[in-house]
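Peer 1: Questions regarding the structure given below will be posed in turn.
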Amino acid sequence: MFHWDNGLVLTKARLAIDFRRRQPRAFVSHAHSDHIARHEYALCTPETAALYQHRLGPRPTLPMPYRRPIDWGGLRLTTYPAGHCLGSAMLLAEDGEQSLLYTGDFKLGESATAEPAELPHADVLVIESTYGQPEHRLPPRRQVIDQLLALVRGALADGAVPVVEAYALGKGQEVTKLLTDAGIPVLQHRTVFGVSRVYEACGVSLGRYEPFTGKAEPGWAVVVPPRAGTGEQLGRQVRIAVTGWAVDPRAKYRLRVDHALPLSDHADYDELFEAVARVSPRVTYCTHGPLSFVERLREAGHDARPLGNRL
Ligand SMILES: [Zn+2]
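Its first residue numbered 737, the sequence shown is counted upward by one per residue in the working numbering.
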């Protein structure tokens, strides 16, 4: 049903999936920069189309709202929420004989700014397994959010500026929403702010936030992309990184921040197993993750294989 050409291709429809090099026809699962290119024609959800065009300018797209199948290139194609960021989608492809589910980047459980993931059954599962090591078990999300709020409130009470480092697309809006819901207004770096405007245009309200112009306001938190400078005028800062990699207690030294919190938009080790169980496929192909995850799946009785350039 598919082949590998330095990336996943649905053979019958000649549809390239999440290619980083320009294609005649591509499915874009979400608008993170490692999943997009200036394709001649891109199939994606309307929200991903808005974010994709925000990043790369006006481009031809075929909108695919969640759960509305289209017949395309000899296949029936349906998107399902992936829970990763606004518009992020899994793709179910059916050819009348068998079905394939491509997860793209995904997360189970709750998000403040993305629809929760849905996992339909498929015969073949292609799963993104970034956190496929047992060390990557995330603490309960509520606990991490409480830590974030305590650190931000502590910094403000102390007369310091809380600066949260978060990816411009997805995590930046998630953190903003979590803070503004807790009554803490947010100043956003311009790249985060630009993406937030697209979220708002798509109907995701992020609360009280303004563009960051280099000056702090008492009582406000600042959200910037990882390692972004904040200028000289800001004074004393408490830098907080939010990333799944923060399950490693040494992450804060590597990231050069005061605190690193494991708030992730990727499935952790246990969620990856849960996803495979829910899809209940005949065969599972693993991308992006460690080879050891393929072994763990096999030990658990699944027919699992690695997929990628190393084959
Ligand atoms: Zn992503």
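Positions of the beta carbon are idealized from the N, C-alpha and C atoms, including for glycine.
Taking Cβ positions, are His766 and Ser824 nearer each other than 7 Å?
Peer 2: In the sequence shown, counting from the first residue as 1, residue 766 sits at position 30. In the sequence shown, counting from the first residue as 1, residue 824 sits at position 88. For His766 and Ser824, yes; Cβs fall inside 7 Å.
Peer 1: Quick one: which unbroken beta strand (DSSP E) runs of 3-plus residues sit fully inside the segment 761–819? Chain order, please.
Peer 2: Counting whole runs of 3 or more residues, the segment 761–819 contains the beta strand (DSSP E) stretches 778–780, 797–799, 806–808 and 811–817.
Peer 1: Is His1038 near ligand 1, in the sense that its beta carbon is under 6 Å from a heavy atom of that ligand?
Peer 2: Against the sequence shown, residue 1038 aligns to sequence position 302. False, no ligand heavy atom lies under 6 Å from that Cβ.
Peer 1: Beta-carbon within less than 7 Å of Ala749's beta-carbon, same chain only, minus the 5 sequence neighbours each way: which residues are those?
Peer 2: For the purposes of this step, residue 749 is taken as residue 13 along the sequence shown, with counting starting at 1. Result list for Ala749: Trp808, Gly809, Gly810 and Leu811, in chain order.
Peer 1: Out of Gln834, Asp984 and Leu813, which one is the CA nearest neighbour of Leu828?
Peer 2: Indexing the sequence shown from 1 puts residue 828 at position 92. Among Gln834, Asp984 and Leu813, the Cα nearest to that of Leu828 belongs to Leu813.
Peer 1: Got a sec? Which residues, its chain only, sit under 8 Å from Arg1041 by beta carbon, not counting five neighbours each side?
Peer 2: Here the question's residue 1041 lines up with position 305 in the sequence shown. Only Val1019, Thr1020, Tyr1021, Cys1022 and Val1030 meet the Cβ criterion.
Peer 1: Who are the near neighbours of Gln834 in its chain, counting only those whose CB is closer than 8 Å to its CB and skipping five residues on each side?
Peer 2: What you label residue 834 is simply residue 98 of the sequence shown in a count that begins at 1. Closer than 8 Å at the Cβ level, and outside the excluded window around Gln834, lie Met737, Asp859 and Val860.
Peer 1: So for Gln759, helix, strand or coil by DSSP?
Peer 2: Against the sequence shown, residue 759 aligns to sequence position 23. Gln759: coil per DSSP, three-state reduction.
Peer 1: Assign His857 to buried or exposed, taking buried as 16 or more other Cβ atoms, counted over all protein chains shown, within 10 Å of its Cβ.
Peer 2: As a first step, residue 857 is located in the sequence shown; it is residue number 121 there, counting from the start. Exposed is the call here.
Peer 1: Check whether the Cβ of Asp741 sits closer than 6 Å to any heavy atom of ligand 3, and report yes or no.
Peer 2: For ligand 3, the structure offers nothing, since it holds only ligand 1.
Peer 1: Is the segment 942–949 touching the segment 972–987 in the sense that three or more CB pairs, one from each, lie closer than 8 Å?
Peer 2: Segments in contact, no.
Peer 1: Identify whether Arg944 lies in helix, strand or coil by the three-state DSSP scheme.
Peer 2: Against the sequence shown, residue 944 aligns to sequence position 208. Arg944 falls in the coil class under three-state DSSP.
Peer 1: Relative to the C-alpha of Leu746, which candidate in Glu1010, Tyr838, Arg990 and Ile976 has its C-alpha closest?
Peer 2: Counted from its first residue, the sequence shown places residue 746 at position 10. Selected option, being the one with the closest Cα: Tyr838.
Peer 1: Quick one: grab the DSSP three-state call for Arg992.
Peer 2: Position 256 of the sequence shown, counting from 1, holds the residue named residue 992. It is coil, neither helix nor strand.
Peer 1: Beta-carbon separation of Ala848 and Cys821 under 7 Å?
Peer 2: Here residue 848 corresponds to residue number 112 of the sequence shown, with the count starting at 1. Here residue 821 corresponds to residue number 85 of the sequence shown, with the count starting at 1. Cβ atoms of Ala848 and Cys821: not closer than 7 Å.
Peer 1: With distances taken Cα to Cα, identify the nearest neighbour of Leu970 among Val958, Ala1036, Arg889 and Ala996.
Peer 2: Looking up residue 970 in the sequence shown gives position 234. Measuring from the Cα of Leu970, the nearest candidate turns out to be Val958.
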